[in-house]
Structures are given as C-alpha cells and as structure tokens.
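Novice: Protein chains in written order, with this note's numbering: chain A, 167 to 345; chain B, 81 to 266.
Shown below is the structure under consideration.
In structure tokens, the structure reads:
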C-alpha cells in the first residue's frame with residue numbers, strides 16, 4: 167500500500183514536471199510526449215533494457231535518441247531521457263497518461279486513451295470524440311495509440327471505464343456469456 | 081299220656097322246692113339292704129353335690145374348647161377360602177394385566193415398527209431425491225463444461241480465422257462500425 171502510494175506520488179511528481187515543461191514549450195509538446203512515451207511503453211523488451219541498472223545511462227540515452235530523434239522534438243526526447251535517466255522507465259506509460267490527464271484537466275477536458283490497430287483519420291477521430299463526449303457528458307481529448315495487437319475495432323479507456331469494441335473483446339464477451 | 085303227666089308233676093315238684101330256697105339266696109337281708117341303700121344314697125348325694133359340677137364344668141370346658149376350635153377352624157377355613165378367592169382373583173387380574181401388557185407392548189411394537197418403516201421410507205426417498213439431484217447437477221456440470229469447451233474451442237478457432245483474414249480495410253470498417261455503435265447507443 168505504501169509502495170503504491172509512493173509510486174503514485176512519484177508518477178504525479180514526474181507528470182507535473184513534464185506538464186510544466188510542455189506548458190512552457192507549447193500545447194503540442196504534452197501530446198507528443200504522451201504518444202512517444204506510450205510507443206516506447208508498448209515494447210516490454212525495450213522498457214526492460216531502459217530499466218536495467220547495469221546498462222550505463224549514456225547507452226540508454228543513445229537508444230532513446232535513436233528511436234525518437236528523427237520523429238519527435240528535442241524537448242520531447244529530452245523529457246523522456248530525463249524520465250529514463252531517473253530510473254523511472256517502467257513508469258513511463260503511467261507518467262505519460264497522467265501528463266495527458268493533467269493537460270486535459272487544465273482545459274476542463276478528460277482523456278480517452280484509444281488503442282486501435284491502425285491510425286484513425288480525422289473523420290473517425292471527430293466522430294469518436296463526439297461519441298465519447300456524448301457517452302461521458304464531458305469534452306473528451308482522444309489520444310490514439312496504434313496497437314497492432316488489437317484486432318478489429320478499437321478499445322477506448324476513459325478514466326477507469328474501458329469500452330472494448332474490438333473483435334477480441336466481442337469474443338471475450340461471448341466466452342463470458344457461454345461460460 | 082300218663083308219662084307226660086307224671087313228668088309235669090315231677091317238674092312242678094322240683095320248681096316248688098327250688099323257689100323256696102333260691103330267692104332267699106339272692107335277696108339280701110333287709111337290714112343289709114337298707115344299709116346298702118343308705119350308703120348308696122350318701123355316695124350318690126356326695127357325687128351329685130361335688131363331683132357332678134366339676135365333671136359338668138370339665139365337660140363344658142372341653143365342649144367349649146372343641147366348639148372354639150371348631151369355630152376357629154371354620155373361621156380359618158373361611159379365611160383360607162377368602163384368601164383363595166382373593167388369590168384366584170389376583171391371579172385372574174394378573175393374567176388379564178399381563179395380557180393387556182402384552183397387547184400394549186405388541187401395539188407399541190407395531191407402532192414403532194410402522195414409525196421406523198415410515199422414517200426409513202422417507203429417508204430412502206430423500207436419498208433417492210438427493211441422488212437424482214446430484215446426478216442432474218453432475219449432468220448439468222458436465223454439459224456446462226462441454227458447452228464451455230466447445231465455445232472456447234469455437235471462439236479460439238474464430239479468433240484465429242479472423243486475425244488471419246482481417247485486412248486493413250476490414251479493420252477500418254470495424255472501427256467505423258464501433259464508432260457508429262458507440263455514438264448511436266450512448
């Protein structure tokens with residue numbers, strides 16, 4: 167319990183620091199940090215490597231630079247390197263999520279993390295945002311994470327609520343009904 | 081005839097001779113007779129005066145004793161008869177009571193037997209019912225397991241088929257459908 171509280175406080179602290187950076191650098195930075203962090207967090211082997219204390223910090227920084235250098239801004243790469251260098255690579259995803267929540271809360275919105283097998287086009291994003299806003303009764307910022315493991319449809323997470331519209335989710339429902 | 085007559089005369093002669101001498105021999109002298117009578121009277125009077133009451137009392141006493149014993153015997157006999165009657169009555173009562181006890185015991189035994197049989201029947205019925213329920217539950221469990229296994233297998237196969245056959249176009253279509261569903265339902 168104490169560890170969970172401590173971990174939560176730590177995530178809160180790092181997210182708050184990154185929010186300060188992104189607020190200073192511009193609105194898009196928080197979203198970019200979020201997407202980059204979740205992309206890295208989705209690779210368990212990479213996270214294990216970045217968490218390994220036997221690997222020097224310079225090597226870890228080199229890995230992050232190689233992966234994100236050409237795809238993200240310097241601020242984003244620096245922010246993620248900061249988290250990894252602090253030994254919080256395993257909390258990267260949680261920190262990114264909390265950062266997005268804080269950024270959204272600052273604007274009075276809530277975050278919907280959407281995992282889909284491919285990127286959504288603008289029309290899909292608009293319709294999804296409208297549908298989720300209608301469902302929650304609040305303005306929703308949709309954060310799409312491309313996840314090839316999701317088969318057919320998408321999975322949206324709003325706060326503690328998970329809306330599983332994937333084929334796998336349908337199959338899981340079927341299993342529960344028949345079980 | 082003469083001869084007979086002579087005999088009678090001879091006999092009468094003898095008899096006359098004997099009568100004058102015999103009575104005198106038998107009868108005491110008057111003074112002796114008077115003394116005898118007097119002595120007898122004295123003895124009789126004394127006996128009458130003293131011996132007779134004692135004798136009478138003794139006889140009466142003995143008669144009373146005999147009477148008493150007879151009465152006592154009669155009483156004892158009556159008591160014995162009463163006792164015998166009571167005994168017979170008691171024996172009869174005891175026999176009747178014994179018969180009643182046996183009848184009651186038989187009746188109680190029959191009741192217990194009937195109760196035991198009834199309980200055994202109820203218990204047997206309950207056991208049968210439980211067995212039927214257990215068999216039904218087991219059948220349902222096995223059928224459920226089988227259904228689940230078939231469902232899991234079917235879903236697994238369907239998942240594999242879908243994951244292999246689904247292309248980007250289908251993915252996009254499924255995403256659109258879910259977004260429409262989400263917007264429509266909620």
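Ideal placement from N, C-alpha and C gives every residue a C-beta, glycine not left out.
#1: From residue 266 of chain B to residue 279 of chain A, what distance separates their C-alpha atoms?
#2: When the Cα atoms are used, what is the spatial distance from residue 261 of chain A to residue 179 of chain A?
#3: Tell me the DSSP secondary structure of residue 313 of chain A in three-state form.
#4: So which residues on chain A does residue 251 of chain B lean against when the C-beta distance must stay under 7 Å?
#5: Going along the chain, which residues of its own chain have a beta-carbon closer than 6 Å to the beta-carbon of residue 346 of chain A, five neighbours each way excluded?
#6: Please name the residues in the segment 217-233 of chain B whose beta-carbon is closer than 8 Å to at least one beta-carbon of chain A, in chain order.
#7: Please report the Cβ distance between residue 176 of chain A and residue 227 of chain A, rounded to the nearest whole angstrom; I am assuming they are in contact, meaning their Cβ atoms lie under 8 Å.
#8: Determine the chain A residues that contact residue 246 of chain B at a beta-carbon separation under 8 Å, and present them in chain order.
#9: Distance check for residue 315 of chain A and residue 264 of chain B, CA to CA, integer angstroms please.
#10: CB residue 320 of chain A to CB residue 308 of chain A, shorter than 8 Å?
#11: Please compile the residues from chain A whose C-beta is within a distance smaller than 7 Å of the C-beta of residue 242 of chain B.
#12: Taking C-alpha atoms, which residue in A:317, A:192, A:246, A:185 lies nearest to residue 267 of chain A?
#13: At 8 Å on the CB atoms, spell out the chain B contacts of residue 305 of chain A, in chain order.
#14: Closest to residue 248 of chain B by CA distance: which of A:296, A:272, A:209, A:282 is it?
#15: Might you give, ordered along the chain, the residues of its own chain that have their beta carbon closer than 6 Å to the beta carbon of residue 260 of chain B, omitting 5 neighbours on each side?
#16: Could you have a look at residue 219 of chain A and say whether DSSP puts it in helix, strand or coil?
#17: So with CB distances below 9 Å, who are the chain B contacts of residue 290 of chain A?
Specialist: Checking against the coordinates, here is how it stands:
#1: In this predicted model, residue 266 of chain B has a pLDDT of only 43, less than 50, meaning its place in the structure is not dependable enough to derive any value.
#2: 9 Å
#3: coil
#4: 283, 284, 318
#5: Nothing about residue 346 of chain A can be read from this structure; chain A reaches only from 167 to 345.
#6: 227, 228, 231, 232
#7: Incorrect: roughly 21 Å between the Cβ atoms, too far for contact.
#8: 317, 318, 333
#9: 26 Å
#10: no
#11: 317, 318, 333
#12: A:185
#13: Going along chain B, no residue has its Cβ under 8 Å from residue 305 of chain A, so there is no contact; the nearest lies around 15 Å.
#14: A:282
#15: none
#16: coil
#17: 252, 255, 256, 259
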